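First comes the structure, then the notes that go with it.
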Amino acid sequence: MQENNSNCFNPIGFNGFDGIQADVTLPNVSNLGSGEQPWVYFGFEASGDSGVEAGLSYQTGNPRWLPFIRAGGYQYKPDLPFSDGNTLHIKTYVKSSSGTDYFKLEIDYDVILTGYHEWSSFSSISVKRVTSIARNGFNGSNINGESRNQKRTNTTVSKYNSDYYYSFSNYDLWSYWNGNMWFGTVDCTSDYIHRSSGAISIYKS
């Protein structure tokens, strides 16, 4: 679970996933407060590993969406901006070649960014999809911004021992309660996450 975010966070289990793709419609953003930042991304992680993430990050100073990749640090693609409501085919995957583990972000079938992250075992990687508004010090009710009508269709995933992509919905969403908080699949918080006609919106009820 990610703290300091209002998010819709959907991972599927640690079963060796190495790719995810979908047609993604960027949300319409409005009324952002100080320090609030929307994100739409996919990611991979293993137990005890910081993992990697890639997708689009909303830039509040010059309103636009920029591709990003997080593998250790962050990389952005400032010369490839997108706008609210744009629909893009986004694909991200982890692979190994000649002993080097790499991570790629594709948008509309072009490789946009590449990062590197060493995995102890590809057979135990989980994949996730996330829509969020981040804010340092989020207390469950103090995000003022809105992110409306973000859509993902045709979401498919691949596993490390296969070249085929299968529907994300074929797999169970993963969640775990450690006695204090939820990890994995979560709407944080339910006061903010709204679903309608296949779209996800984040705003305070």
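For the sequence shown, the numbering used here assigns the number 5 to the initial residue and increments by one for each residue that follows. Don't be surprised by glycine CBs; every beta carbon is placed ideally from N, CA and C. In this text, all values refer to a predicted model and were calculated from it rather than measured experimentally.
query, result
"CA-CA distance, Thr104 and Pro42?", "32 Å"
"For Thr64, collect the residues of the same chain with a Cβ closer than 7 Å to its Cβ; drop the 5 residues on either side in sequence, then sort them by chain order.", "Leu36 and Gln41"
"Starting from Ala50, follow the beta strand (DSSP E) in both directions and report where the run begins and ends.", "Element bounds for Ala50: n/a, residue is neither H nor E."
"Would DSSP call Asn32 helix, strand or coil?", "strand"
"Quick check on DSSP: helix, strand or coil for Phe172?", "helix"
"What residue from Arg139, Thr157, Ser171 and Thr159 has the CA that sits closest to Glu150's CA?", "Arg139"
"Starting from the C-beta of Ala26, find all residues in its chain whose C-beta is less than 7 Å away, skip the five residues before and the five after it, and write them out in chain order.", "Ile94, Arg156, Thr157, Asn158 and Thr159"
"Tell me His93's beta-bridge partners as DSSP assigns them.", "Asp27"
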